[in-house]
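Reading through the structure tokens given below for one structure.
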Amino acid sequence: MSVEIFYDDDADLSIIQGRKVAVIGYGSQGHAHALSLRDSGVDVRIGLPEGSKSRAKAEEEGLRVLTPAEASAEADLIMILAPDTKQRFIYSEDIEPNLKDGDALFFGHGFNIRYELIKPPANVDVAMVAPKGPGHLVRRQFVDGKGVPALIAVEQDASGNAQALALSYAAAIGGARAGVIKTTFKEETETDLFGEQAVLCGGASALVQTGFEVLTEAGYAPEIAYFEVLHELKLIVDLMYEGGIARMRYSISDTAEYGDLTRGPRVITPAVKEEMKKILGEIQDGTFAREWVGEDEAGRANFRKLQEAGEQHPIEETGKKLRGLMSWVDRPITETA
Ligand SMILES: NC(=O)C1=CN([C@@H]2O[C@H](COP(=O)(O)OP(=O)(O)OC[C@H]3O[C@@H](n4cnc5c(N)ncnc54)[C@H](OP(=O)(O)O)[C@@H]3O)[C@@H](O)[C@H]2O)C=CC1
Ligand SMILES: CC[C@](O)(C(C)=O)C(=O)O
Ligand SMILES: [Mg+2]
Ligand SMILES: [Mg+2]
């Protein structure tokens, strides 16, 4: 099955420049969308509750900050970039009462539509612009004249123009410099959750932590273990990013490549693949979504316990010390970024 990929030349920036956009939330994605939309000549306002700690950050950038309800009432395109577990409450309290005929409701991830936590009325466009990368890099790449690829999807096309609108929005945040792929809310949600759980975040973090444990438990210096399994991972992934696994294998030694080809499948065994399939099944049948929404509703105690355990892993202390000495690790992402 071939996909449709769009670039800057396919997008009409004037469509989004003609809209009043409300970005609800100003975190990782929210700040990136809002600032890049503004830099692309779009009329943007931010929706945040009165007590939100993000307000000061948005105001420092000279953005106009309103409450989510005020921003939604004023805008004709509302992009929801608040946490997935909070979106249904923001929608029912602040957005839904302010939706007008012809408005557009946008998402950065399909979770709430895919799992039917939000059910928009028929008179509005419902679309998605989902960058395939962390918000801080979405913004950094835009500023550097580059872009992070994005997915667009249309769940409801009330205006008959929802796809062109989504493409225009994606171009305004830099996505069409790298490529914008048309998908569905279902496909984006399921692949995004799978990617972050099994490979990008869950899989990669567990691989790095386990590799660090094996080396340090065998008596090797934590500093050497850190450089080997975490720091150098970025350099190896950079090669994959530039030219795929083949490019990486071209650059490494024959010794590494032979070890890669013979030992890699012993780490990622058929049992690991089976577990990945199970994880995908839990995403597809809604088990993960129910578990996560339930965890959030119960106060996130288990989530916090797991976060704390991750923060206390010995690799964090070693990394903190070493990164402090690496002047070439530029522009670290901080809470204030
Ligand atoms: N993180 C990423 O890079 C990616 C995220 N996404 C999607 O983007 C969306 C946003 O995620 P992310 O950027 O990580 O979120 P963050 O947690 O980084 O930021 C959430 C923002 O929403 C604000 N917020 C919290 N409650 C409310 C409320 N009631 N009304 C309005 N704003 C509120 C927070 O303010 P406060 O400071 O007060 O907490 C904060 O500014 C999600 O759908 C996510 O799946 C998609 C692709 C990548
Ligand atoms: C990989 C995690 C992600 O899906 C992302 C940055 O794309 C997210 O939800 O943050
Ligand atoms: Mg993602
Ligand atoms: Mg995600």
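Residue 475 is where the sequence shown starts when you use my numbering, and the numbers rise one by one after that.
Even for Gly, the Cβ is constructed at its ideal location relative to N, Cα and C.
These numbers were taken from a predicted model, which means no experiment stands behind them.
| Item | Value |
| --- | --- |
| Return helix, strand or coil for Gln433, following the three-state DSSP convention. | Because the chain spans 475 through 811 in this model, residue 433 falls outside it and cannot be assessed. |
| At a cut-off of 7 angstroms, is Ile564 close to ligand 1 when judged by its beta-carbon and the heavy atoms of the ligand? | yes |
| Flag Lys606 as yes when its Cβ comes closer than 7 angstroms to any non-hydrogen atom of ligand 2, and as no otherwise. | yes |
| Pull up the DSSP beta-bridge partners for Lys656, would you. | Ile626 |
| Leaving out five residues before and five after Ser510 in sequence, what residues of the same chain have Cβ atoms less than 7 angstroms from its Cβ? | Arg613, Phe616, Ala646, Ile647, Gly648 |
| I'd like to check one pair, Val603 with Ala640: are the Cβ atoms closer than 8 angstroms? | yes |
| Is DSSP giving Ala604 helix, strand or coil here? | strand |
| Report back the beta-carbon spacing between Ile520 and Ala530 to the nearest angstrom; my notes put them in contact at under 8 angstroms. | Their Cβ separation, rounded to whole angstroms, is 12 angstroms, which puts Ile520 and Ala530 out of contact at 8 angstroms. |
| Where does Gly521 sit, in a helix, a strand or coil, going by DSSP? | strand |
| DSSP three-state call for Asp513: helix, strand or coil? | helix |
| Can you list the alpha helix (DSSP H) stretches of 4 or more residues lying completely in the segment 655-700, in chain order? | 659-668, 676-691, 696-700 |
| By DSSP's criteria, Leu735 is part of a beta bridge. Which residues make up the other side? | The partner list for Leu735 (beta bridge, DSSP) is empty, contrary to what the question assumes. |
| For Lys574, name the three-state secondary structure that DSSP assigns. | coil |
| Measuring CB to CB, does Leu707 end up less than 8 angstroms from Thr657? | no |
| With contact counted as at least three CB pairs below 8 angstroms, one residue from each stretch, are the segment 480-488 and the segment 498-508 in contact? | no |
| Quick check on DSSP: helix, strand or coil for Met812? | Given a span of 475 to 811 for the chain in the structure shown, any question on residue 812 remains unanswerable. |
| Return yes when the Cβ of Ala636 is within less than 8 angstroms of the Cβ of Ala601, no when it is not. | yes |
| Give me the residue from Thr663, Lys795, Gln630 with the minimum Cα distance to Ala578. | Gln630 |
| Can you tell me whether Ile647 is helix, strand or coil according to DSSP? | coil |
| Would DSSP call Leu555 helix, strand or coil? | coil |
| Measuring only the C-alpha atoms, how far is Arg797 from Pro788? | 14 angstroms |
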